[in-house]
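Asker:
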Amino acid sequence: MEQASRTLRFLQGVPAFAGLSGAELERVYACTSLRVVGRGEIVAMAGDPVDDLAIVASGRLKAREGGASGHETGQGDAVEAQAFFGRGPASSTHEALRETVLLSIAWDDLVAGYAATPSLIGSCFSRAFNGHAAAANRLKASSRLLVCPAGANARLDKATLDALLLALEETAEVRVLRQETFGGSLPGALAFDDPAMAHWLQEQELKFDVTVVIADGSDHAFAADAVCEADEIVFLGQGGATELSDLERHAIERRGPERCSLVVASDGIEVRKAAEWLPPRPYRTSLFIDFSVPRATAQLASALLGRGNTIAVTSTGVYAAAILGALQAFEASGAPATALAAAGSAVLPAGMLACGVTLADAEDLFRELANPLLWKRAGRAEVGLYEALAVDAVLGSALAGLDIALASRPFAALSLSLSKDAPSVHCGGGLHAAVRAGILPPGLLPPLIPEDGAILVSGECETEALLEAAERLSSAPPVFLHPAAPGLGASPMSYRQAVGGSQFRLAPFQSPGPIDKRLRIESVLGAYQSRRRRPVDGAPVTYAVPVAEGISPTDWGEWARLRDAAFDSMSAEIEKTRAT
């Protein structure tokens with residue numbers, strides 16, 4: 001019965017079967033069988049017909065050639081589902097990275113199931129290709145996690161490792177395997193690729209949420225095998241030996257940097273010193289964790305295991321205060337963000353929270369931004385309505401030392417690059433730059449031009465890219481928050497009346513010369529487009545955070561009212577969700 005329930009969950013993870021009723025799922029389940037493939041065995045060959053739909057129950061596959069070359073398929077993923085349902089050839093060759101258990105459905109058996117239950121045909125094929133693109137980039141929960149040291153000649157610190165394992169075991173059902181489990185280098189020791197050991201590992205794997213393999217660096221051969229077997233690789237960095245180790249080079253070469261994460265233990269060192277770990281490591285994420293703080297270690301465990309929430313937020317101007325209140329509600333409810341992705345002015349509260357600043361301390365910056373003397377009108381509104389100097393000084397001082405790549409929670413910020421007319425994802429560098437780019441809608445402040453020459457403005461409308469960034473941070477389900485400002489209603493006066501008053505009279509624009517290399521405000525507003533905003537159907541949970549009528553994005557004096565209303569509203573929504 002337990003096996004049947006688990007199998008049904010795997011079936012529901014395939015888009016074609018996601019909308020089936022319980023009875024229909026049972027009919028499909030009757031068509032399934034289990035198949036075990038050994039390490040290096042080919043599951044599908046590029047160009048060959050796909051007559052069996054294979055769903056990974058445990059283990060891992062990698063595409064070696066074809067259109068999906070390099071893509072890995074893990075627990076719950078279907079192999080070549082489009083080719084199976086479209087009756088076409090496989091796009092890639094898929095090879096098992098370790099002994100893998102597949103849940104298999106033969107096409108002939110499924111056709112027989114369609115004949116017995118005709119309603120299956122419409123239910124399956126109406127959904128067969130839905131969500132395929134989104135699922136391809138979405139980070140999936142790991143069934144096997146490797147923990148090993150980073151840096152040259154490094155070893156795992158026992159206290160740090162114990163703290164991490166305790167947090168993992170308190171978060172999920174965890175099986176821990178060490179070198180000693182296999183006998184190390186002793187006579188008669190078992191290896192990962194030993195058939196008896198591989199079969200036992202796979203038999204046990206389905207009984208746990210995750211298998212954690214510990215490689216302390218003392219046996220390179222064991223660690224190298226573990227790298228090839230793992231779903232995700234976590235490198236723990238401590239001390240000052242920041243050079244890449246041979247094991248790290250092996251992991252980058254065999255599995256790619258996207259399968260690796262760096263966790264730097266604080267150990268009393270400052271962020272500036274910790275940043276020395278970053279340049280040689282193009283890993284998917286990097287974090288700066290104080291393992292002596294249980295809450296910080298618990299948040300890390302949740303991120304690694306895909307528990308909790310990945311919160312994606314966007315806002316414009318002072319509406320970031322509403323996001324501040326919503327995030328405070330999540331923290332107070334005991335359901336804090338596991339990972340955060342932010343766009344527009346929401347980068348301010350989300351980024352500070354991710355970098356270890358309490359949201360109460362973040363309020364101090366909102367108080368500074370509420371000073372009307374800060375927002376000085378530009379003498380010549382060519383690239384922005386406000387002068388940037390005073391705002392830059394406040395943000396630079398308040399956010400000094402906060403590096404996105406060394407946040408304590410996985411974090412990504414989003415802006416819009418006018419240079420490329422495409423979203424720009426900030427996964428590293430000072431938080432100040434990402435906040436400055438999105439703090440106000442384009443045209444109100446001059447665009448941010450960093451050292452690489454990019455022209456960056458607020459990415460508040462880049463909803464699709466924001467959700468994609470969130471899904472790459474953690475396998476925790478995304479929650480999308482955005483401010484909901486009421487409509488303006490009908491205008492009390494006509495356009496003719498509005499422009500007739502002296503305060504509304506339009507003035508001619510005087511060009512400073514025939515060739516002006518400076519950015520002009522109309523260029524900024526012309527390049528900024530909201531065409532990328534779309535319904536956020538990719539997020540399973542969406543909250544519209546209320547904004548009171550009459551508050552514009554530049555009304556910084558209203559920040560406290562926005563925060564309080566959002567806190568109350570989101571607290572009520574969270575309680576309502578729990579009640580159901």
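Quick note on UniProt numbering: the sequence shown kicks off at 1 and runs consecutively.
We put the beta carbon where it would ideally sit given N, CA and C, even for glycine.
1. Flag this pair as yes or no: are the beta carbons of residue 618 and E170 separated by less than 9 Å?
2. Apply the 10 Å Cβ neighbour rule to D48 and answer buried if 16 or more other Cβ atoms are within range, or exposed otherwise.
3. Can you check the stretch 282-327 for any alpha helix (DSSP H) of at least 4 residues that lies completely inside it and give the ranges in chain order?
4. Compute the distance between the beta-carbons of C31 and A106, then report whether it is under 9 Å.
5. Any idea if G70 is buried or exposed, counting beta-carbon neighbours within 10 angstroms, 16 or more meaning buried?
6. By the three-class DSSP mapping on this structure, what secondary structure does G188 have?
7. Under three-state DSSP, which class holds residue 583?
8. How should L373 be labelled, buried or exposed, when 16 other C-beta atoms within 10 angstroms of its C-beta is the threshold for buried?
9. Report yes if the CB atom of R377 is closer than 9 Å to the CB atom of E368, and no otherwise.
10. With a cut-off of 8 Å on the beta carbons, I'd call N309 and A342 a contact; round off their distance for me.
11. Which residue or residues does DSSP assign as beta-bridge partners of A422?
12. Where does K62 fall in DSSP's three states?
13. Is the beta carbon of F480 within less than 8 Å of some heavy atom of the ligand FMN?
14. Quick check: what's the CA-CA separation for A230 versus E173?
15. Please report the residue range of the alpha helix (DSSP H) in which Y29 lies.
16. Could you spell out where the beta strand (DSSP E) holding residue 594 opens and where it closes?
17. So what's residue 594 in DSSP terms, helix, strand or just coil?
18. Tell me which residues share the same chain as T242 and place their Cβ nearer than 6 Å to its Cβ, disregarding the 5 neighbours each side in the sequence.
19. What does the alpha-carbon distance come out to for the pair G325 and R563?
20. Return the chain-ordered list of same chain residues with a C-beta closer than 7 Å to the C-beta of P282, the five sequence neighbours on each side being excluded.
21. Between which residues of its own chain and G392 is the CB-CB distance below 7 Å, once the five residues before and five after are set aside?
22. If you follow the beta strand (DSSP E) that S91 is in, where does it begin and where does it stop?
23. Does DSSP classify G19 as helix, strand or coil?
24. Quick check on P49: does DSSP put it in helix, strand or coil?
25. Quick check on S185: buried or exposed, where buried means 16 or more other Cβ atoms within 10 Å of its Cβ?
26. Out of curiosity, what's the CA-to-CA distance linking V541 and G38?
27. Taking Cβ to Cβ, would you say S286 is nearer than 9 Å to G453?
28. Classify A485 as helix, strand or coil using the three-state DSSP reduction.
29. Please determine if the stretch 478-487 and the stretch 353-360 are in contact, where contact requires at least 3 C-beta pairs separated by less than 8 Å.
30. Three-state secondary structure (DSSP) at F208?
31. Secondary structure at S458, three-state DSSP: helix, strand or coil?
32. Using CA coordinates, which residue listed in A16, G401, A44 is at the minimum distance from L110?
33. Work out the CA separation of A544 and A484 for me, nearest whole Å.
34. How would you label G22, buried or exposed, when you count the other beta carbons within 10 angstroms and need 16 or more for buried?
35. Would you report the Cα separation of C124 and P410, rounded to the nearest angstrom?
36. To the nearest angstrom, how far is the alpha carbon of D216 from that of A433?
Answerer: Taking the definition as stated:
1. No answer is possible for residue 618: the residues shown for the chain start at 1 and end at 580.
2. Start at 1 with the first residue of the sequence shown, and residue 48 comes out as number 48. The residue is exposed, with fewer than 16 neighbouring Cβ atoms inside 10 Å.
3. 294-305
4. Indexing the sequence shown from 1 puts residue 31 at position 31. Indexing the sequence shown from 1 puts residue 106 at position 106. Result yes, Cβ atoms of C31 and A106 sit closer than 9 Å.
5. As a working note, residue 70 is residue 70 in the sequence shown. Counting Cβ neighbours within 10 Å, G70 comes out exposed, since fewer than 16 surround it.
6. Taking the first residue of the sequence shown as 1, we reach residue 188 at position 188. Note that G188 scores a pLDDT of 44, beneath 50, so its modelled location is shaky and nothing firm can be said.
7. Residue 583 is absent from the model: the chain starts at 1 and stops at 580.
8. Counting from 1 along the sequence shown, the entry for residue 373 is found at position 373. That one is exposed.
9. For this step, residue 377 is matched to residue 377 along the sequence shown. For this step, residue 368 is matched to residue 368 along the sequence shown. Taking 9 Å as the Cβ cut-off, R377 and E368 do not qualify as a contacting pair.
10. The residue labelled residue 309 in the question sits at position 309 within the sequence shown. The residue labelled residue 342 in the question sits at position 342 within the sequence shown. Not a contact, Cβ separation roughly 14 Å.
11. Numbered from its first residue, the sequence shown carries residue 422 at position 422. S417.
12. By one-based count along the sequence shown, residue 62 stands at place 62. In the structure shown, K62 sits in a strand (DSSP, three-state: E or B).
13. This structure lacks the ligand FMN; in fact it carries no ligand of any kind.
14. On the sequence shown, position 230 is the one that residue 230 refers to. On the sequence shown, position 173 is the one that residue 173 refers to. Near 17 Å, if we compare the C-alpha coordinates of E173 and A230.
15. Position 29 of the sequence shown, counting from 1, holds the residue named residue 29. That run of the alpha helix (DSSP H) goes 22-29.
16. Given that the chain is displayed from residue 1 to residue 580, the structure contains no residue 594 and the question cannot be resolved.
17. This structure cannot speak to residue 594, because the chain is shown only from 1 to 580.
18. The residue you call residue 242 lines up with position 242 of the sequence shown. Excluding sequence neighbours, T242 sits near G151, E276, W277.
19. The residue you call residue 325 lines up with position 325 of the sequence shown. The residue you call residue 563 lines up with position 563 of the sequence shown. C-alpha separation (whole angstroms): 4 Å.
20. Position 282 of the sequence shown, counting from 1, holds the residue named residue 282. The answer, listed in chain order, is P257.
21. In the sequence shown, counting from the first residue as 1, residue 392 sits at position 392. The sequence given here has Asp at residue 392, not Gly. Within the same chain, D392 has close Cβ partners R436.
22. Position 91 of the sequence shown, counted from the start, is the residue given in the question as residue 91. Segment: none, S91 is in no beta strand (DSSP E) and carries neither H nor E.
23. In the sequence shown, residue 19 corresponds to position 19, counting from 1. Coil at G19, not helix or strand.
24. Position 49 of the sequence shown, counting from 1, holds the residue named residue 49. It is a strand residue.
25. By one-based count along the sequence shown, residue 185 stands at place 185. Model confidence at S185 stands at a pLDDT of 49, short of 50, so the residue's coordinates are unreliable; what they give is reported in the following sentence. Under this definition S185 is an exposed residue.
26. Taking the sequence shown and counting its residues from 1, the one referred to as residue 541 is at position 541. Taking the sequence shown and counting its residues from 1, the one referred to as residue 38 is at position 38. In a straight line, the C-alpha of V541 is about 39 Å away from that of G38.
27. Position 286 of the sequence shown, counting from 1, holds the residue named residue 286. Position 453 of the sequence shown, counting from 1, holds the residue named residue 453. In this structure, G453 does not lie closer than 9 Å to S286 by Cβ.
28. Looking up residue 485 in the sequence shown gives position 485. In the structure shown, A485 sits in coil (DSSP, three-state: anything other than H, G, I, E or B).
29. no
30. Indexing the sequence shown from 1 puts residue 208 at position 208. Of the three classes helix, strand and coil, the one that applies to F208 here is coil, per DSSP.
31. Looking up residue 458 in the sequence shown gives position 458. It is a strand residue.
32. Locating residue 110 in the sequence shown gives position 110, where the first residue counts as 1. The candidate whose alpha carbon is nearest that of L110 is A16.
33. Here the question's residue 484 lines up with position 484 in the sequence shown. Here the question's residue 544 lines up with position 544 in the sequence shown. About 5 Å.
34. Within the sequence shown, residue 22 is the residue found at index 22, counting from 1. The residue is exposed, with fewer than 16 neighbouring Cβ atoms inside 10 Å.
35. Within the sequence shown, residue 124 is the residue found at index 124, counting from 1. Within the sequence shown, residue 410 is the residue found at index 410, counting from 1. Whole-angstrom Cα-Cα distance: 36 Å.
36. The sequence position of residue 216 within the sequence shown is 216, counting from 1. The sequence position of residue 433 within the sequence shown is 433, counting from 1. Answer to the nearest angstrom: the Cα atoms are 38 Å apart.
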